[in-house]
Amino acid sequence: MSRPIELALVELAHHVDWPEPADQALDLRRRLEASPRSRTGHRWIPVTALLLILVASLLLFSPTAREAVADLLGVAGIEIRFEPLPAEVVGGELDLGEAVTFDEAAEAVNFELSVPGNLGPPDGVFLSDRPSSGRVTMVWEGGEALPSSGDTGIGVVYSQFALELAEEADFVKSVLPDTSVRAVEVGDVIGLWIEGAPHLISYEDAAGNRVEEETRLAGNVLMWESEGVTHRLETTVGLGPSLALAGSLQPVG
Amino acid sequence: MEGRPLNEQDLIENAKSGDVAAFEALVQTHRQIALRVAFLVVGDQTEAEDVTQEAFVKAYHAMSRFRGDAPFRPWLLRIVRNEALNQRRRRGRQERLTLRLANDPVSGGAAPSPETTVITGVERRTILDAVNGLPDRYREVVTHRYLLGLSEAETAATLRIPVGTVKSRTARALGRLENSLSTLSGGGRDE
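Quick note, the sequences are listed as chains D and Y, same order.
The numbering of the first sequence is the numbering used here, which starts it at 1491 and goes up by one.
The numbering of the second sequence is the numbering used here, which starts it at 5 and goes up by one.
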């Protein structure tokens, strides 16, 4: 599904002439705290403060009170409809495949699944047909040791799929600028540590097929192959903790 | 990217109970992408800035209706885009946005690694021209997916279209881009 044009577009994103954000935070605060009544030119700080306390306490009450406050502040007319987002399961928004149970995933692939020994059961399990022999991805919500990426709430994305990586040192076909790839020892095999942004890498498997991978957490990726199964571990932490996590993997019978 | 004092969930909870500082901190991390979402609709820096501000104010007042377990970013971006569309409607003009390349040659001083895909400025311009030339419905999906780096689900939520539509439009858009690029370079690439 991923193609060179996609790589080029992601790279292009860094060179578009985007508008630069001004110091908006300050303005926002002023707007949120402003009231039309304070536009008289007088600086009635105590009154403003009282009004703010009133506003703050009103906001704690009902939505109706909120709308009243919105009117008071001159920002009425909220006309946005809020529909439920597609993501209902943990990690569902990451496009990792179909949400399945662990047992369903284990049945669907012809290799033994592993899980990290110290994370507990995954918060989400996904099955995808990329590659066609199946890929199982488990996600864990972020915690103290493995913080989540800001947008997703997910701290660990761990995929397993039956794919032999090419052995040549140059099997990495392309990465984007600002991304570094280096070989590291994962247990007794050599793996790859991919760090930095942005987040698309393309490489070759043993059959010479080009494979492209996108990061999901804007995080770092540790990839290695062992007995015909490729493991891909994405976290927001550094190499050390990632290797420790990889070392804790245990096959689930 | 790192060192956030409170995690997003904490900020959401506090913002939901009216904490302006928490809301500010919450939207601060999404400010740049929000501005770009607005810019893609209105096509003007100042207007995009106003739209983003207005959208943030509305989002603040709508926080009580935000479902805590849903992803925040697409929710926010949807409000921003909605505000931008309203603004464009109010303005009446429907100028087509043309994205341009920034002048700086290559960001970052680090020497590119040997694996780095080398894309020249001319190629970038050609690709961007091709993106600019796409019909709106394809261009929207391509700009949000690749130039803004949103996931399929986030793109769907921001643009208010089903994920399946994002997938099919993306596929068609990429096909069109590949076609127009191979035509421009004077010969098809075998794929």
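All C-beta atoms in this analysis are idealised placements derived from N, C-alpha and C, irrespective of residue type, glycine included.
If I measure Cβ to Cβ from residue i and keep anything under 6 Å in the same chain, skipping five residues before and after, which residues do I get?
i              : result
residue 156/Y  : 167 and 170
residue 39/Y   : 52 and 56
residue 43/Y   : 52
residue 1581/D : 1614, 1629 and 1644
residue 1601/D : 1652 and 1719
residue 1598/D : 1617 and 1624
residue 1783/D : Chain D is shown from 1491 up to 1743; residue 1783/D falls before or after that span and cannot be answered.
residue 1596/D : 1603
Who are the Cβ neighbours of residue i in its own chain at under 8 Å, not counting the five residues just before and after it?
i              : result
residue 146/Y  : 135, 138, 174, 177, 178 and 181
residue 49/Y   : 43
residue 112/Y  : Residue placement at residue 112/Y is flagged as unreliable, the pLDDT there being 45, under the threshold of 50; the coordinate-derived value follows with that caveat. So the list is empty, once near-sequence residues are dropped.
residue 1633/D : 1645
residue 54/Y   : 91
residue 196/Y  : Residue 196/Y lies beyond the range of chain Y shown here (5 to 195); nothing can be said about it.
Can you pull the DSSP bridge partners for residue i?
i              : result
residue 1651/D : 1625/D and 1720/D
residue 1614/D : 1629/D
residue 1590/D : 1615/D
residue 30/Y   : DSSP output for residue 30/Y lists no bridge partner at all.
residue 13/Y   : In DSSP, residue 13/Y forms no bridge with anything.
residue 1740/D : 1605/D
residue 1672/D : 1683/D
residue 45/Y   : Partner(s): none; residue 45/Y has no beta bridge.
residue 1711/D : 1684/D and 1724/D
residue 1644/D : 1631/D
Identify whether residue i lies in helix, strand or coil by the three-state DSSP scheme.
i              : result
residue 1601/D : coil
residue 166/Y  : coil
residue 174/Y  : helix
residue 86/Y   : helix
residue 1507/D : coil
residue 1501/D : helix
residue 1536/D : In this prediction, residue 1536/D scores a pLDDT of 47, lower than 50, which makes its location untrustworthy; the coordinate-derived value is nonetheless stated afterwards. Correct three-state label for residue 1536/D: helix.
residue 153/Y  : coil
residue 1531/D : At residue 1531/D, the pLDDT of 34 sits below 50, so the modelled position is not reliable and the matter cannot be decided from this model.
residue 130/Y  : helix
residue 206/Y  : Past the edges of chain Y, shown from 5 to 195, lies residue 206/Y, and the structure says nothing about it.
residue 244/Y  : Nothing can be reported for residue 244/Y, as the shown portion of chain Y is limited to 5 through 195.
residue 1730/D : helix
residue 1735/D : helix
residue 74/Y   : coil
residue 20/Y   : helix
residue 1639/D : coil
residue 139/Y  : coil
residue 120/Y  : Residue placement at residue 120/Y is flagged as unreliable, the pLDDT there being 44, under the threshold of 50; the coordinate-derived value follows with that caveat. DSSP places residue 120/Y in strand when its eight states are reduced to three.
residue 1595/D : helix
residue 1620/D : coil
residue 1677/D : coil
residue 1585/D : coil
For residue i, which option in the options has the closest C-alpha, if you only look at C-alpha atoms?
i              : options                           : result
residue 1679/D : 1733/D, 1604/D, 1512/D and 1504/D : 1733/D
residue 1508/D : 172/Y, 185/Y, 101/Y and 79/Y      : 101/Y
residue 58/Y   : 128/Y, 88/Y and 150/Y             : 88/Y
residue 151/Y  : 1584/D, 1506/D and 1521/D         : 1506/D
residue 1613/D : 1603/D, 1742/D and 1643/D         : 1643/D
residue 1629/D : 1647/D, 1519/D, 1675/D and 1522/D : 1647/D
residue 1520/D : 28/Y, 186/Y, 35/Y and 37/Y        : 28/Y
residue 17/Y   : 144/Y, 74/Y and 83/Y              : 74/Y
residue 21/Y   : 62/Y, 133/Y and 67/Y              : 67/Y
residue 184/Y  : 144/Y, 165/Y and 131/Y            : 131/Y
residue 32/Y   : 60/Y, 86/Y and 72/Y               : 60/Y
residue 70/Y   : 46/Y, 45/Y, 19/Y and 144/Y        : 19/Y
residue 1731/D : 1635/D, 1686/D, 1639/D and 1741/D : 1635/D
residue 1649/D : 1676/D, 1626/D, 1594/D and 1511/D : 1626/D
residue 1724/D : 1736/D, 1735/D and 1710/D         : 1710/D
residue 41/Y   : 129/Y, 127/Y and 79/Y             : 79/Y
residue 1675/D : 1495/D, 1494/D, 1510/D and 1736/D : 1736/D
residue 72/Y   : 186/Y, 133/Y, 12/Y and 144/Y      : 12/Y
residue 1742/D : 1631/D, 1726/D and 1610/D         : 1610/D
residue 1744/D : 1511/D, 1631/D and 1586/D         : Here chain D has residues from 1491 to 1743 only, and residue 1744/D is not among them.
Among the residues of its own chain, which have a CB less than 7 Å from the CB of residue i, if the five just before and after it don't count?
i              : result
residue 148/Y  : 154, 159, 162 and 163
residue 1738/D : 1606, 1607 and 1608
residue 142/Y  : 173, 176, 177 and 180
residue 1673/D : 1680 and 1682
residue 24/Y   : none
residue 14/Y   : none
residue 77/Y   : 34 and 158
residue 1740/D : 1604, 1605 and 1607
residue 1729/D : 1674 and 1683
residue 62/Y   : 83 and 87
Can you find a CB in chain B that lies within less than 8 Å of the CB of residue i?
i              : result
residue 1585/D : Absent here is chain B; the protein component of the structure consists of chains D and Y.
query: Is it true that the stretch 1711-1718 of chain D meets the stretch 1613-1628 of chain D, where meeting means three or more beta-carbon pairs spaced less than 8 Å apart?
result: no
query: Do three or more CB pairs link the stretch 87-98 of chain Y to the stretch 1491-1503 of chain D at distances below 8 Å?
result: no
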